[in-house]
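Numbering (the UniProt record's numbering), first residue to last: 1 to 434.
Here it is in structure tokens:
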């Protein structure tokens, strides 16, 4: 058997040797192009113009198995992994998600650089990011697993770059393209996530929960709902592709728009409730703050009142003490006056035995009296102290101009007799308060 035929049969498991020879000869002995053509012409899902355009499961279509086997053969030729089964390959790629994203960005960049026409808006950072973007915007996600080696790939790119198709894609969909030979494409196909059956392809799906449409219930792709698969010649003619996209918009996007309105209404209601709850909490906080301020004001008033009462009590007690002190001093003064009056001696009548004393008060009034010249000077202070005019002076001194002397009340017990102090036979003294 020819080695090319053998390679064709090995990499396209459902091909016969006759089919292998036919396709290899038809494609100028190019095995890769022959395999792609063979897989593309095998029985596929109905097109978007037929009655049933819902995706079938991966395992229910031999065509799908053929595509996956072909892509797996390309993938393992790149020596990306030595795993011999999907059980080993899938975890490997899950651990290299960021690298797969970078790989996909480079792939889209290469596609864009090779083209004169501008590509439509494509999420280049991988399937997961594109799915999140579609979910957030309530749009259908279109995923194309792209084979650079397929004969219709260039026509597919020209079709999506046409103005009408590009406008429809940018306005109504979220689009991402992954390379079948890269990590992202391999992972999606190997896990059976994208149930397409031929190149080129556009798989419509959503992560938004649409009532009445089943979704994946477990695994890494839980919550994803398949809507339909677009494939075949309908993707190569811009007019037919526009019609297919319009059908998706009318039948699928309308439900997402309604779902978006429902979610927005629900979110609006929740926002209103949150705002009401926030307003209630703010009002409650203000009420609590007001009550706290009132309590603090009452407490301050009580403290001020107590302090005022304490101050009034203190002043009252001081006044009482002062009154008692004044009363005690007054009583002491009266007792002292009474004692002085009792011991005050009579004026002498014999000539030569008396000392005549004149005392001038601050108000100009005078006090005159005779004292025995041999008596102590304290008798003069006794006389002054019992006078009404002298009661206002608690402390004073008696000053003489000649001889110049000063006699202080506080030292009355220390002075000698009138004669000894030079105040005999007469003297004039000035009362000076101290």
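We treat Cβ as the ideally placed atom computed from N, Cα and C, and that holds for glycine.
Small disclaimer: the values here were computed from a predicted structure and weren't measured.
* Limits of the beta strand (DSSP E) - the one that residue 434 falls within -> Element bounds for residue 434: n/a, residue is neither H nor E.
* Asked: Do the CB positions of residue 230 and residue 202 come within less than 8 Å of each other?
  -> Yes. Within cutoff.
* Kindly give me the distance between the Cβ atoms of residue 452 and residue 134, rounded to whole angstroms, as I take these residues to be in contact under 8 Å. => Missing from the structure shown is residue 452; the chain here goes from 1 to 434 and no further.
* Asked: Is the Cβ-Cβ distance between residue 127 and residue 182 less than 8 Å?
  -> For the pair residue 127 and residue 182, the CB atoms are not nearer than the 8 Å cut-off.
* **Beta carbon of residue 345 nearer than 8 Å to that of residue 384** => Contact flag unset, no.
* The alpha helix (DSSP H) enclosing residue 400, as first and last residue numbers -> Where residue 400 is concerned, there is no enclosing alpha helix (DSSP H), although the beta strand (DSSP E) it sits in stretches over 396-401.
* Closest by C-alpha distance to residue 172, when choosing among 324, 164 and 424 -> When only C-alpha atoms are compared, the closest one is 164.
* **Selection from 10, 428 and 332 that minimises the alpha carbon distance to residue 361** => It is 428 whose Cα lies nearest to the Cα of residue 361.
* To do: Note down the Cα distance separating residue 380 from residue 363, rounded to an integer number of angstroms.
  => Looking at the two C-alpha atoms, the distance is approximately 19 Å.
* To do: Have a look at the DSSP bridge pairing and note the partners of residue 370.
  => Beta-bridge pairing by DSSP links residue 370 to 356.
* Excluding the five sequence neighbours on either side, which residues of its own chain have a C-beta within less than 8 Å of the C-beta of residue 5, listed in chain order? -> Result list for residue 5: 17, 20, 21 and 24, in chain order.
* With which residues is residue 216 paired in a DSSP beta bridge? -> Answer by DSSP bridge pairing: none, since residue 216 is not bridged.
* Examine the Cβ distances between the region 148-163 and the region 209-217 and report whether three or more of them are shorter than 8 Å. => They do not touch, by the three-pair rule.
* To do: Identify which residue in 402, 407, 403 and 401 has its Cα closest to the Cα of residue 395.
  => Ranking 402, 407, 403 and 401 by Cα distance to residue 395 puts 407 first.
* To do: Would you decide whether residue 186 is buried or exposed? Buried here means 16 or more other CB atoms lie within 10 Å of its CB.
  => Flag for residue 186 reads buried.
* Determine, using beta-carbon pairs with one atom in the region 405-419 and one in the region 366-381, whether at least three such pairs fall under 8 Å. => Taking one beta carbon from each stretch, the region 405-419 and the region 366-381 have 3 or more pairs nearer than 8 Å; the two touch.
* Asked: Tell me, which residues are paired with residue 176 by DSSP?
  -> According to DSSP, residue 176 bridges with 143.
* To do: Specify whether the region 335-344 and the region 313-320 touch according to this definition: at least 3 beta carbon pairs, one from each stretch, less than 8 Å apart.
  => Touching, no.
* Check whether residue 105 and residue 124 have beta carbons under 8 Å apart -> The answer is yes: Cβ separation under 8 Å.
* Can you tell which of 101, 430, 142 and 249 has its C-alpha closest to the C-alpha of residue 184? -> It is 101.
* Asked: Does the beta-carbon of residue 169 have 16 or more other beta-carbons within 10 angstroms, so that it is buried, or is it exposed?
  -> In this structure residue 169 is buried. Its beta-carbon is surrounded by 16 or more other beta-carbon atoms within 10 angstroms.
* **Any non-hydrogen atom of the ligand PLP within 7 Å of residue 209 CB** => Ligands displayed in this structure: none; no statement on the ligand PLP is therefore possible.
* Going by DSSP, name the residue or residues bridged to residue 228. => In the DSSP output, where bridge partners are listed per residue, residue 228 has 204.
* Asked: In three-state terms, what does DSSP make of residue 234?
  -> If DSSP states are grouped into helix, strand and coil, residue 234 belongs with the helices.
* To do: With DSSP collapsed to three states, give me the class of residue 426.
  => Residue 426: strand per DSSP, three-state reduction.
* Integer-rounded CB distance, given that residue 236 should sit under 8 Å from residue 152 -> 6 Å between Cβ atoms; contact.
* Report yes if the CB atom of residue 224 is closer than 8 Å to the CB atom of residue 177, and no otherwise. => It is not a contact, given that the beta carbons lie outside the stated cut-off.
* Using the Cα positions of residue 103 and residue 111, report the straight-line distance between them to the nearest angstrom. => Linking residue 103 to residue 111 through their CA atoms gives a straight-line distance of about 13 Å.
* Give a yes or no on whether the minimum CB-CB distance between residue 127 and chain B is below 8 Å. => Of the protein chains in the structure, only one exists, and it is not chain B.
* To do: Check residue 417 in the structure and name its three-state DSSP category.
  => Correct three-state label for residue 417: strand.
* Can you tell which of 391, 149 and 421 has its C-alpha closest to the C-alpha of residue 400? -> That would be 421, whose Cα lies nearest to the Cα of residue 400.
* Assumed close pair residue 174, residue 227 - CB separation to whole angstroms, cut-off 8 Å -> Not quite, the Cβ-Cβ distance comes to about 13 Å (not below 8 Å), so this is no contact.
* Asked: DSSP puts residue 408 in a beta bridge; with which residues?
  -> BP columns for residue 408 point to 397.
* To do: Could you work out which residue in 138, 330 and 276 is closest to residue 260 when comparing CA atoms only?
  => Between residue 260 and the set 138, 330 and 276, the nearest pair of CA atoms involves 138.
* For the alpha helix (DSSP H) that contains residue 284, what are its first and last residues? -> That run of the alpha helix (DSSP H) goes 254-343.
* Compare the beta carbon distance of residue 199 and residue 147 with 8 Å and say whether it is the shorter of the two. => In this structure, residue 199 sits near residue 147, with a CB-CB distance shorter than 8 Å.
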